[in-house]
Structure formats: C-alpha cells, structure tokens
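Participant:
In my numbering, the protein residues as written are 21 to 255.
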C-alpha cells in the first residue's frame with residue numbers, strides 16, 4: 021500500500037511540474053527604435069504618397085553626388101546592452117516555449133528593414149495611396165483650423181465640417197490607423213516575435229507616437245498640433 025501511495029505521489033508531482041512548466045511565462049523585451057521608426061515613416065511617405073507611375077519599382081533612390089545618405093541620429097546597431105535613452109523598452113508576456121534564441125540584439129539599417137516589411141503589406145501601401153489622393157483636401161481643412169493633428173497621429177475635430185469633409189476626415193483617420201498598425205507589426209517582426217494581435221497592440225501606442233511626431237514636423241505654419249503632453253498649439 022505504501023509503495024503504491026509513493027508511486028501515485030511521484031506521478032502527481034511529475035504531472036504538476038509539467039503543468040506549471042507549460043503554463044509559465046517569461047518576459048520578452050521588444051526594443052523600440054524610435055528614431056529609425058520616424059525615418060521609416062518619412063521614407064514611406066516620400067515613396068508612397070505620390071502616384072505609382074512616379075516611382076521606379078524595385079529600385080532605391082541613390083544619394084546624389086557629394087550627398088551623404090541620410091541616417092537616423094541614433095546608433096545604427098544595437099549595442100551589447102541596449103541604451104534605453106534612444107530605444108524604448110516594451111514588455112510582452114510569452115509562453116515559456118518561446119524560442120529566445122531568435123531574439124536579435126544587433127541589426128543594421130533598421131529603418132530600411134521596417135520600410136521593406138511595410139512594402140509587403142498591401143493594405144498599408146493602399147492606405148498610403150489613399151492618403152496621397154486626399155492630401156489637398158486634408159491640408160485645406162488643417163489650414164482652416166477645422167481639424168488639428170492629435171498626439172496619437174490622428175486628425176482631431178476642431179470645427180464644423182461639411183458632409184463631404186466628414187467623409188474625408190473619417191477615411192483619413194482609418195488609413196492612418198492602418199499605417200500605424202502596420203508599423204507596429206513591422207516592429208514586432210524585426211524583433212523576431214510572433215506578430216499576434218496581442219503583441220501588436222502592445223506596440224501600437226509607441227508607433228502612433230512616432231507617427232504623430234512626423235506629422236507635427238511636417239505641419240505647416242498656422243496648423244493646430246497637439247503636443248505630447250496633450251496641450252494644443254499653433255505651428
């Protein structure tokens with residue numbers, strides 16, 4: 021009886037250990053290269069907001085003679101120990117079965133990697149095309165102060181719009197959300213982490229913040245912009 025009891029206890033302990041091991045989670049660090057993300061947004065806008073016929077498919081714009089290729093101000097490589105002042109840390113929870121060997125600390129040309137990832141996302145490319153087709157309409161609304169540039173990258177209503185303007189306003193924000201989500205997906209991918217909806221959602225706030233930074237930088241004098249702290253100001 022005692023021997024049987026001991027065997028059952030051993031089986032129970034082994035089963036419990038296996039269960040606890042399978043349910044365990046580990047912390048996964050997603051490093052967010054803020055400056056490279058902004059550079060990627062700028063490159064994509066320059067490339068995709070114009071009509072397709074103006075582009076040369078499959079080629080990259082070479083720097084002019086005597087011109088130094090533009091690079092982000094932050095480091096071009098991840099250091100052995102990431103410097104969080106230039107790259108933000110996003111924490112994700114994953115199953116213990118995560119293959120940590122896939123995590124990459126050092127990568128070159130991160131902005132280019134992000135651009136290439138997004139070029140392979142048809143919905144995001146189309147969102148850029150859509151935005152390119154309504155630039156004049158949106159800029160007109162911004163110039164009139166009817167809308168402003170929010171600190172999450174979306175347009176924010178500040179005045180009355182016609183029905184046609186409302187349709188453009190809503191369509192523009194929908195496309196911006198698609199672009200921001202696409203960038204978040206690309207960031208997760210270059211970290212060699214599964215681009216699950218949950219993981220992407222964790223990165224979206226940072227991707228939106230950098231998109232908003234680009235929009236503020238590109239804003240024309242007289243446009244309303246929302247600062248990161250929530251305050252509104254005229255550019």
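Ideal Cβ positions, reconstructed from N, Cα and C, are used throughout, including at glycine. Nothing here was measured: the structure is a model prediction, and the numbers come from that model.
1. Go ahead and pull the three-state DSSP assignment for residue 68.
2. Is it buried or exposed, residue 214, if we count other Cβ atoms within 10 angstroms and call 16 or more buried?
3. Taking the beta strand (DSSP E) that residue 168 belongs to, which residues open and close that run?
4. Considering only residues of the same chain and omitting the five flanking positions on each side of residue 179, which have a CB-CB separation below 8 Å?
5. Take the Cβ of residue 245 as the centre, count every other Cβ of all protein chains shown within 10 Å, and call the residue buried at 16 or more, exposed below.
6. For residue 195, which of 209, 154, 206 has the nearest alpha-carbon?
7. Within 10 Å of its beta-carbon, does residue 131 have 16 or more other beta-carbons around it, so buried, or fewer, so exposed?
8. Would you please state the rounded distance, in angstroms, between the beta carbons of residue 233 and residue 172? I believe it to be under 8 Å.
9. When you compare only the Cα positions, how much space is there between residue 156 and residue 68?
10. Straight-line CA distance for residue 210 to residue 140?
Facilitator: According to the structure shown:
1. Here residue 68 refers to the residue found at position 48 when the chain shown is read from its first residue. Helix at residue 68.
2. Taking the first residue of the chain shown as 1, we reach residue 214 at position 194. With fewer than 16 Cβ atoms within 10 Å of its Cβ, residue 214 is classed as exposed.
3. Your numbering for residue 168 matches position 148 in the chain shown. 167–169 is the span of the beta strand (DSSP E), which, as asked, contains residue 168.
4. Position 159 of the chain shown, counted from the start, is the residue given in the question as residue 179. Around residue 179: 164, 165, 166, 167.
5. The sequence position of residue 245 within the chain shown is 225, counting from 1. With 16 or more Cβ atoms within 10 Å of its Cβ, residue 245 is classed as buried.
6. Position 175 of the chain shown, counted from the first residue, corresponds to residue 195. The candidate whose alpha carbon is nearest that of residue 195 is 154.
7. Mapped onto the chain shown, residue 131 falls at position 111. By the neighbour-count rule (16 or more Cβ atoms within 10 Å), residue 131 is buried.
8. Locating residue 233 in the chain shown gives position 213, where the first residue counts as 1. Locating residue 172 in the chain shown gives position 152, where the first residue counts as 1. That belief does not hold up - the Cβ atoms of residue 233 and residue 172 are roughly 11 Å apart, past 8 Å.
9. Within the chain shown, the letter at position 136 stands for residue 156. Within the chain shown, the letter at position 48 stands for residue 68. Residue 156 and residue 68: Cα-Cα distance of roughly 16 Å.
10. Within the chain shown, residue 210 is the residue found at index 190, counting from 1. Within the chain shown, residue 140 is the residue found at index 120, counting from 1. Distance between the alpha carbons of residue 210 and residue 140: 14 Å.
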